[in-house]
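A.B. asks: Sharing a structure, written as structure tokens. Questions coming.
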Amino acid sequence: EDKVVQSPLSLVVHEGDTVTLNCSYEVTNFRSLLWYKQEKKAPTFLFMLTSSGIEKKSGRLSSILDKKELFSILNITATQTGDSAVYLCAVDDYKLSFGAGTTVTVRA
Amino acid sequence: NAGVTQTPKFQVLKTGQSMTLQCAQDMNHEYMSWYRQDPGMGLRLIHYSVGAGITDQGEVPNGYNVSRSTTEDFPLRLLSAAPSQTSVYFCASSYGRAGEQYFGPGTRLTVT
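Protein sequence lines, in the order shown, are assigned to chains G and U.
Going by this note's numbering, the first sequence opens with residue 65, and the numbers climb by one from there.
Going by this note's numbering, the second sequence opens with residue 111, and the numbers climb by one from there.
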């Protein structure tokens with residue numbers, strides 16, 4: 065059975081801190097790994113990763129994939145209170161399998 | 111361009127009642143799917159469709175039916191509601207099979 069595991073389940077940081085979120089996976093026919101941000105409503109897309117070692121970057125967020133070790137990390141630098149959300153990792157093997165998410169709380 | 115729309119936003123049902131959650135998209139996406147989200151469990155795939163007339167089961171299909179008569183619409187039917195179906199339901203669509211998906215605003219369903 066396909067499995068996507070995110071860690072930690074939750075964390076609390078202060079504004080300006082850097083956070084690193086982890087996502088490990090076991091799927092049969094890997095096509096891509098996606099990161100979403102969810103703030104009390106529908107998830108919104110952040111990144112899609114298909115190749116190992118190539119960092120995707122958007123502002124203070126970045127992500128990288130390791131297809132050999134079967135994991136991805138999402139980094140958020142110089143965190144702001146607006147970064148408080150649940151971050152979801154999903155793996156596409158012709159359907160999306162989601163992890164349980166990491167709840168990030170950024171305190172002012 | 112409304113994106114993915116879902117109705118209703120909230121619904122309360124009694125055990126045994128049936129209802130249909132509506133989902134529509136105006137982006138001409140071939141792929142549509144339904145998820146449920148429960149606390150601490152992320153999103154779980156209920157059913158999906160790769161095009162009009164084609165549907166398939168996801169991870170948790172029991173108690174739900176779907177049909178896809180048009181590209182735009184993908185309704186989810188609860189046949190006989192149970193308290194275990196209390197959840198938030200999201201519909202999503204994408205250009206291709208899975209990949210980056212656009213989510214609707216969700217329907218919060220409570221079954222008493």
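C-beta: ideal position from N, C-alpha, C; glycine also.
#1: Should Gln161 of chain U be flagged as near chain G, meaning a C-beta pair shorter than 7 angstroms?
#2: Rank U:Gly152, U:Phe184 and U:Thr115 by C-alpha distance to the C-alpha of Ser159 of chain U and give the top, closest one.
#3: Going along chain G, which residues have a C-beta under 9 angstroms from Gln132 of chain U?
#4: Counting along the chain, where does the beta strand (DSSP E) carrying Phe162 of chain G start and finish?
#5: Report the residues of the stretch 203-216 of chain U with a CB closer than 8 angstroms to any CB of chain G, ordered along the chain.
#6: For the stretch 75-102 of chain G, enumerate the residues whose C-beta is nearer than 9 angstroms to any C-beta of chain U, in chain order.
#7: Sorted by chain position, which residues of the same chain lie with C-beta nearer than 7 angstroms to Ser96 of chain G's C-beta, five sequence neighbours on each side aside?
#8: By how many angstroms is the C-alpha of Lys132 of chain G removed from the C-alpha of Asp148 of chain U?
#9: At which residues does the beta strand (DSSP E) containing Ile128 of chain G begin and terminate?
#10: Are there three or more Cβ pairs, one per stretch, closer than 8 angstroms when the stretch 136-150 of chain G is compared with the stretch 133-150 of chain U?
#11: Would Leu73 of chain G be called buried (16 or more neighbouring beta carbons within 10 Å of its own) or exposed?
#12: Using a Cβ cut-off of 9 angstroms, pull out every chain G residue sitting near Leu155 of chain U, in sequence order please.
#13: Considering only residues of the same chain and omitting the five flanking positions on each side of Leu188 of chain U, which have a CB-CB separation below 7 angstroms?
#14: Would you tell me roughly how many angstroms separate the C-alpha atoms of Gln211 of chain U and Gly117 of chain G, rounded to the nearest one?
#15: From the beta carbon of Gly150 of chain U, is the nearest beta carbon of chain G less than 7 angstroms away?
C.D. replies: Looking at the coordinates:
#1: Residue 161 of chain U sits at position 51 when you count from the first residue of the second sequence. With the sequence shown as reference, residue 161 of chain U is identified as Gly, and Gln is not the correct amino acid for it. It does not: the Cβ of Gly161 of chain U has no partner Cβ on chain G nearer than 7 angstroms.
#2: Position 49 of the second sequence holds residue 159 of chain U. Selected option, being the one with the closest Cα: U:Phe184.
#3: Within the second sequence, numbered from 1, the residue matching residue 132 of chain U stands at position 22. Under the 9 angstroms cutoff, chain G gives no residues; its nearest Cβ is about 16 angstroms from Gln132 of chain U.
#4: Here the question's residue 162 of chain G lines up with position 98 in the first sequence. From DSSP, the beta strand (DSSP E) with Phe162 of chain G extends over Leu160 to Phe162.
#5: Arg207, Ala208, Gly209, Glu210, Gln211, Tyr212, Phe213, Gly214, Pro215 and Gly216
#6: Arg95, Ser96, Leu98, Tyr100 and Gln102
#7: Here residue 96 of chain G refers to the residue found at position 32 when the first sequence is read from its first residue. Cβ within range, chain order: Met112, Leu113, Thr114 and Asp156.
#8: As a working note, residue 148 of chain U is residue 38 in the second sequence. As a working note, residue 132 of chain G is residue 68 in the first sequence. Looking at the two C-alpha atoms, the distance is approximately 31 angstroms.
#9: Reading the first sequence from its first residue, position 64 is the one you call residue 128 of chain G. Element bounds for Ile128 of chain G: Leu125 to Asp130.
#10: no
#11: Locating residue 73 of chain G in the first sequence gives position 9, where the first residue counts as 1. So Leu73 of chain G counts as exposed.
#12: Reading the second sequence from its first residue, position 45 is the one you call residue 155 of chain U. Within chain G, the residues near Leu155 of chain U are Lys159, Leu160, Ser161 and Phe162.
#13: By one-based count along the second sequence, residue 188 of chain U stands at place 78. So the qualifying residues of the chain are Ser128, Met129, Gly173, Tyr174 and Gln195.
#14: One-based indexing of the second sequence puts residue 211 of chain U at position 101. One-based indexing of the first sequence puts residue 117 of chain G at position 53. Their backbone Cα atoms lie some 23 angstroms apart in a straight line.
#15: Counting from one through the second sequence, the residue named residue 150 of chain U turns up at place 40. Cβ-Cβ to chain G under 7 angstroms: yes for Gly150 of chain U.
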